[in-house]
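Its first residue numbered 1, the sequence shown is counted upward by one per residue in the UniProt record's numbering.
Single-structure report; data block below.
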Amino acid sequence: MRLVTWNVNSIRSRVDRVLAFLDRSETDVLAIQETKCRDDQFPTAAFEAAGYQVAHFGLSQWNGVAIASRVGLHDVATHFPEQPGFAKTIIEDGPDLLLDVVPPVEARAIGATCGGVRVWSLYVPHGRALGDPHYTYKLAWLEALRTAAQSWADAGDAVALMGDWNVIPLDTDVYDATAFEGKTHVSLPERAAFDAFGEAGYTELTRKFLPEEHTYTYWDYQQLAFPRNKGLRIDFCWASPALAGRASAAVIDRDERKGKGASDHVPVIVDLTD
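Here is the structure:
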């Protein structure tokens, strides 16, 4: 079975590219991030015509996650247990009014069972800046996910945690580590939160098969980042112990960053044996 994760940066802008990729890559399950649309705006009919079932969770033009599968799609969940929410606005003249308000859960996680594998499409919060409330939210989000992931591993479930993690685990996962000093993605708490999935027994499959330094999955649109190979490695797949042994290969499809209308991320492919 072939699993793929891809931050498409607007599914409506790139649906033709995504469907063309699915056709030539023989993908069985695609975990999609940053769909940037509501559920009623997702091009479900186009995916169904290509032979894929779709589960999507999107609330607005921000965030949005989906799973497309041609090997079955069951038991859809639009958040993981205890997933924290985030309040985008602060009432400056009345902070006490927020005390009883539960921050809304954003469209950043969707899970489904596909071909016997529990696949999660994840769009980890960015963090914005060290000390920003969004940074605190990011760490809490990752910790809640790790706790859930530990319980799934302990239960012996075959789980793939796939997506845009917005964490640069190693200095060699960025074109220039000094460019990120004092910023998010490389801070020690973020890296520790990412590494905690390994401590929970999970294996990061792309690192296992693609250990080469300066291997990237994202290139900004600005300053000719792609031609100059100024990239980041931030898209990953953590596999539970029950799944990791089935992994046979991983590929980063760098060519998908080329040409008109490309996303700033590329597909990350993981192959599993039966």
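Glycine is no exception: its CB is placed at the ideal position from the N, C-alpha and C atoms.
These numbers come from a predicted model, not from an experiment.
I'd like the span of the beta strand (DSSP E) that includes tryptophan 238, first residue to last.
235-239
Provide the residue span of the beta strand (DSSP E) that contains leucine 30, from first to last.
29-33
Which class does histidine 56 belong to by DSSP, given the choice of helix, strand or coil?
strand
Would you tell me roughly how many angstroms separate the C-alpha atoms of glutamate 92 and leucine 130, rounded to the nearest one?
Low confidence applies here, because glutamate 92 scores a pLDDT of 46, under 50, leaving its location unreliable; read the following figure in that light. Distance from the CA atom of glutamate 92 to the CA atom of leucine 130, rounded to whole angstroms, is 21 Å.
Buried or exposed: which applies to arginine 12, given that a residue is buried once 16 or more other Cβ atoms fall within 10 Å of its Cβ?
exposed
Check whether the stretch 174-182 touches the stretch 132-149, taking contact to mean three or more Cβ pairs, one atom from each stretch, closer than 8 Å.
no
Taking the alpha helix (DSSP H) that tryptophan 141 falls in, what are its first and last residues?
133-154
Could you have a look at isoleucine 168 and say whether DSSP puts it in helix, strand or coil?
coil
Taking only three categories from DSSP, how would you classify aspartate 96?
Note that aspartate 96 scores 49 on pLDDT, short of 50, meaning its location in the model is unreliable and no value can be drawn from it.
According to the neighbour-count rule (16 or more other Cβ atoms, all chains shown, within 10 Å of its Cβ), is proline 267 buried or exposed?
buried
Does the beta-carbon of arginine 70 have 16 or more other beta-carbons within 10 angstroms, so that it is buried, or is it exposed?
buried
Please name the residue or residues paired with serine 69 in a DSSP beta bridge.
Val29 and Gln53, per the DSSP bridge assignment.
Check whether the stretch 202-218 and the stretch 228-241 are in contact - that is, three or more C-beta pairs closer than 8 Å.
yes
Take glycine 64 as the anchor and find which of Asp75, Glu48, Arg108 and Glu26 has the nearest alpha-carbon.
Arg108
Looking at isoleucine 269: is its Cβ nearer than 8 Å to the Cβ of valine 15?
no
Ends of the beta strand (DSSP E) at aspartate 274?
That residue, aspartate 274, is in no beta strand (DSSP E); it is neither H nor E in DSSP.
What do you get for glycine 163, buried or exposed, if any count of 16 or more other CB atoms within 10 angstroms of its CB means buried?
buried
Determine the extent of the alpha helix (DSSP H) in which threonine 206 is found, giving its start and end residues.
205-209
Measure how close the beta-carbons of cysteine 114 and isoleucine 67 come, nearest whole angstrom, since I'm counting them as under 8 Å.
Indeed they touch by this definition, with Cβ atoms about 7 Å apart.
For alanine 77, which residues from the same chain have a beta carbon less than 6 Å from its beta carbon, with the 5 sequence-adjacent residues on both sides left out?
Gly111
What's the gap between the Cα of aspartate 274 and the Cα of glycine 127?
38 Å
Taking the continuous alpha helix (DSSP H) assigned at aspartate 75, which residues delimit it?
Note, aspartate 75: premise wrong, no alpha helix (DSSP H); beta strand (DSSP E) at 74-77.
Does the distance from the CB of glutamine 53 to the CB of leucine 73 come in under 8 Å?
yes
Determine, using beta carbons only, whether alanine 144 and valine 159 come nearer to each other than 8 Å.
no
Return the Cβ separation of valine 167 and valine 119 in integer angstroms, given the expectation that the two are a contact with Cβ distance under 8 Å.
In fact, because the Cβ distance is near 20 Å, the residues do not count as touching under 8 Å.
In the structure shown, what three-state DSSP assignment does alanine 109 receive?
strand
Assign glutamate 48 to buried or exposed, taking buried as 16 or more other Cβ atoms, counted over all protein chains shown, within 10 Å of its Cβ.
exposed
Quick check on DSSP: helix, strand or coil for isoleucine 91?
In this prediction, isoleucine 91 scores a pLDDT of 47, lower than 50, which makes its location untrustworthy; the coordinate-derived value is nonetheless stated afterwards. Isoleucine 91 falls in the coil class under three-state DSSP.
What separation, rounded to the nearest whole angstrom, lies between the Cα atoms of glutamate 26 and valine 102?
42 Å
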